[in-house]
Every structure is written in C-alpha cells, then in structure tokens.
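Position 148 (the sequence shown) corresponds to 148 in the UniProt record's numbering; numbering is contiguous. A virtual CB, placed ideally from N, CA and C, is assigned to each residue, including glycine. The structure under discussion appears below in the form of structure tokens.
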Amino acid sequence: MKRVAELDYLEKLLEAQKIIRHDCMNHFQVVHGYLQIGRPETAREYLMKATKSFQRYSVLGKICLPQLQAYLTWALASLGEQGDFLTIQVEDSLEAWKEDDGEVAEVISALFEPLLKDLPQQQVQCQMLIGGKEYTHIHLLVHGQEYLVKEYAGRIKAWSEARHFRNFTVRSELTDVLRIQVGKETNNYGNNRQ
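Written out as structure tokens, the structure reads:
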C-alpha cells in the first residue's frame with residue numbers, strides 16, 4: 001500500500017512538471033515574440049511577471065518530505081494563474097516527520113483537495129504555514145465566502161474525528177477564519193517525544 005501511495009505522488013509530480021514545462025515554453029514564446037517585433041521593454045516586463053509566477057515553487061524546496069513536496073508542487077501547478085490564492089510559507093523543513101511522510105501527505109491532500117475547486121473561482125483563499133520548534137505544525141488558514149468556509153469546516157471536523165493518527169493531531173477551529181492545525185510534538189533535536 002505504501003508503494004502505491006509513493007507512485008501516486010510520483011505521478012502527481014510528473015504531471016506538475018508537464019504543466020510547469022508547458023508554462024515555461026509559453027513564456028519563452030511570448031518573450032521571443034515581443035523581441036521579434038521590437039518591443040524589448042514589453043518583453044522585459046512580461047519576463048518579470050513570468051519569473052514571479054515561478055518563484056512560488058521555490059519555497060517547496062525547503063520541505064524535506066518528498067511525498068508532501070510532490071503533492072504541494074502538483075497543487076500549485078494545477079492552480080496555474082490562480083496560484084496566488086494559495087500562499088505557502090515554510091519556517092521548518094519538518095525533519096521530525098521524515099518517517100511519517102506518506103501519512104502527512106495523505107492528511108494534507110485530504111484537507112486541501114476540497115479547496116482546489118474553490119480557489120480558482122476566487123471564492124476562498126488559503127494560507128499554509130509550515131514550521132515550529134517545540135511543536136512542529138502545518139497551519140491552514142482558510143477565508144473567503146462564509147458559507148463555503150463553514151461547509152468546509154464541517155467536512156474537516158467530521159473527517160478528522162473519524163480518523164485516528166498515530167503520530168500527530170489534526171484540530172480545526174472556525175472563528176473569523178478557519179484554522180486547521182496538523183501538529184506533532186518534537187524535542188529540540190527534532191525527535192518524537194514519547
């Protein structure tokens with residue numbers, strides 16, 4: 001079963017690479033077109049915009065969990081131009097979760113998948129914060145159209161109550177925004193507390 005999950009994330013990563021490669025080729029063609037018609041300033045402006053769209057992937061290099069990194073790369077690539085509605089900040093590499101990579105990727109996938117259809121329509125925005133020293137965590141902050149956030153909060157609550165995770169916790173709280181925390185206690189050396 002673990003091998004099947006790994007292959008699924010590898011397929012997602014390959015799909016993301018196809019999308020990114022296609023986007024790169026499109027950007028090169030547009031820049032080349034502007035240069036051919038003698039508009040170097042427009043080409044420069046377009047190139048700056050294209051570069052900014054690829055910078056959102058650089059933060060994922062800080063995540064040392066290959067399956068989670070593959071999933072998040074796929075999610076960003078799938079969003080395309082609407083990727084601005086998902087912000088990912090990484091303050092910690094999640095080194096303490098190396099043994100749990102598959103399970104963490106599965107949890108984040110299950111939490112995030114329902115949002116993917118609403119992000120492109122600009123109905124919700126999502127901020128993902130990855131970090132922590134004493135308590136390693138992944139926070140998802142979701143805000144936008146109130147009824148969607150409430151519906152999503154209900155689904156997440158039911159889902160997390162039905163699942164029992166061996167090495168970490170999933171909590172959600174709905175106030176002005178929906179806060180979902182996936183956490184794991186660690187000591188200063190990055191090892192699990194027993």
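query                                                                                            : result
Coil, strand or helix - Thr42 by DSSP                                                            : helix
Expected contact under 8 Å - CB spacing of Lys52 and Val90 to nearest Å                          : Lys52 to Val90, Cβ: 18 Å. No contact.
Beta-carbon gap between Asp92 and Gln67 smaller than 9 Å                                         : no
Between the CA atoms of Ile130 and Leu65 - distance to the nearest angstrom                      : 12 Å
Length at least 3, wholly inside the region 70-142: the beta strand (DSSP E) runs in chain order : 86-90 and 124-131
Proximity of Gln145 and Phe85 at Cβ, strictly below 9 Å                                          : no
Reference Glu45; option with closest CA among Phe28, Val170 and Arg56                            : Phe28
Local conformation of Gln181 per DSSP, three classes                                             : strand
Beta-bridge pairing of Ser160 - partner residues as DSSP gives them                              : Looking at the DSSP assignment, Ser160 forms no beta bridge with any residue, so it has no partner.
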